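Take 0 as the starting number for the sequence shown in numbering that gives the first Met the number 0 and just add one per residue.
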Amino acid sequence: MSYRFDVLTLFPALFDGLRQESLIGKALETQIISLALHNWRAFATDRHSTVDDAPFGGGAGLVLKPDPLVKCLRAEVPADSRKILLSPSGRRFDQKLAQQWSQLSGITLICGRYEGFDQRIEAHVDEVVSIGDFVLNGGEVAAMAVMEAVARLLPGVIGNAESLTEESFADGLLEYPQFTRPRDFEGQTVPDVLLSGNHAAIAQWRLEQRMARTRAVRPDLLREPVTK
Ligand code: 6GU
Numbered sequence: 000m001s002y003r004f005d006v007l008t009l010f011p012a013l014f015d016g017l018r019q020e021s022l023i024g025k026a027l028e029t030q031i032i033s034l035a036l037h038n039w040r041a042f043a044t045d046r047h048s049t050v051d052d053a054p055f056g057g058g059a060g061l062v063l064k065p066d067p068l069v070k071c072l073r074a075e076v077p078a079d080s081r082k083i084l085l086s087p088s089g090r091r092f093d094q095k096l097a098q099q100w101s102q103l104s105g106i107t108l109i110c111g112r113y114e115g116f117d118q119r120i121e122a123h124v125d126e127v128v129s130i131g132d133f134v135l136n137g138g139e140v141a142a143m144a145v146m147e148a149v150a151r152l153l154p155g156v157i158g159n160a161e162s163l164t165e166e167s168f169a170d171g172l173l174e175y176p177q178f179t180r181p182r183d184f185e186g187q188t189v190p191d192v193l194l195s196g197n198h199a200a201i202a203q204w205r206l207e208q209r210m211a212r213t214r215a216v217r218p219d220l221l222r223e224p225v226t227k
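Okay, here's the thing in structure tokens:
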């Protein structure tokens with residue numbers, strides 16, 4: 000059984016590149032995942048296929064109307080799929096959520112555009128999620144980020160399963176620095192310990208590097224409970 004991604008978007012062509020290239024493209028090809036794109040404009044009922052309208056109470060911009068979007072959800076998305084609304088006002092997406100969602104049979108990602116959603120749409124989703132403290136014009140790029148974070152945790156998507164447990168965030172620390180040939184790149188040399196063949200010393204050095212890097216760049220992670 001494929002892990003099923005459903006994506007509601009007014010701009011399905013934005014997903015063309017992702018479907019053909021990348022880890023997602025490969026996982027689609029091997030049918031580890033499937034991707035169903037739904038343009039809910041098809042569920043608008045007026046002559047101009049309107050999906051947005053002016054906000055009650057006034058203000059700038061347009062708000063996504065609830066009816067075509069909710070109709071699309073009901074008609075085209077499996078009832079048991081976890082429905083996630085992508086919005087800068089949502090709870091922050093993280094590795095722990097990616098882990099949890101990778102255990103499901105699939106998720107539905109709903110991409111907003113314009114200035115926001117009619118609040119009543121929230122009653123029809125399970126979760127509202129943001130990918131960070133910045134504003135995108137729409138949820139599409141956020142949906143792609145979530146898809147990639149989830150898909151790479153599925154069995155068979157990443158060749159080397161060990162790289163999943165060793166990488167940043169798997170245990171709440173950033174990754175250690177990596178080096179490959181040449182040993183001397185324009186005067187920058189590889190740390191001696193990595194050439195020593197002493198595996199215990201290498202493991203110790205890498206752990207120290209991870210802690211130092213996390214303390215310097217992301218001290219907030221050291222105060223968070225371990226995400227496993
Ligand atoms: Cl999920 N959507 C939008 N429009 N902007 C965002 C975001 C999502 N996450 C961070 N910024």
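We put the CB at the ideal spot given by N, CA and C, even for glycine.
These numbers come from a predicted model, not from an experiment.
Between the segment 28-45 and the segment 127-144 there are fewer than three inter-stretch CB-CB distances shorter than 8 angstroms, so the stretches are not counted as touching. In the structure shown, the three-state DSSP call for Arg90 is strand. As for any beta strand (DSSP E) of minimum length 3 sitting wholly inside the segment 110-153, the runs are 126-129, ordered along the chain. Each residue's CA atom was taken as its position, placing Pro87 and Lys70 some 23 angstroms apart. Arg209 is not a Cβ neighbour of Glu185, given a cutoff of 8 angstroms.
Taken from the Cβ of Ala148, every heavy atom of the ligand 6GU lies 7 angstroms or farther away.
The Cβ atoms of Lys64 and Val76 do not sit closer than 8 angstroms to each other. The Cβ atoms of Leu206 and Thr213 lie no closer than 8 angstroms to each other.
Take Gly115, set aside five residues on each side of it, and the residues of its chain with a beta-carbon closer than 6 angstroms to its own are Val62, in chain order. Spanning the alpha carbons of Gly171 and Asn38 requires a straight line of approximately 37 angstroms. Counting the other CB atoms within 10 Å of its CB gives Pro218 a total below 16, which places it among the exposed residues. Residue state for Gln177 is assigned as coil, using DSSP reduced to three classes. At the C-beta level, Thr8 and Glu147 stay beyond 8 angstroms of one another.
Residue pairing of Ile201 in beta bridges, as defined by DSSP: absent, with no partner found.
For Val69, the enclosing alpha helix (DSSP H) has its first and last residue at 65-75. Ala142 is positioned such that its CB atom lies closer than 8 angstroms to that of Cys110. Judged by DSSP secondary structure, Ala26 falls within the alpha helix (DSSP H) whose first and last residues are 21-28. Scanning Ala200, Ala97, Val189 for the CA closest to the CA of Arg151 turns up Ala97. Contact between Asp5 and Ala35 holds: CB atoms are separated by about 5 angstroms, below the 8 angstroms threshold.
Distance from the C-beta of Ile109 to the nearest heavy atom of the ligand 6GU is not below 7 angstroms. For Arg81, the closest of Gly16, Val128, Phe168, Asp15 by C-alpha to C-alpha distance is Val128.
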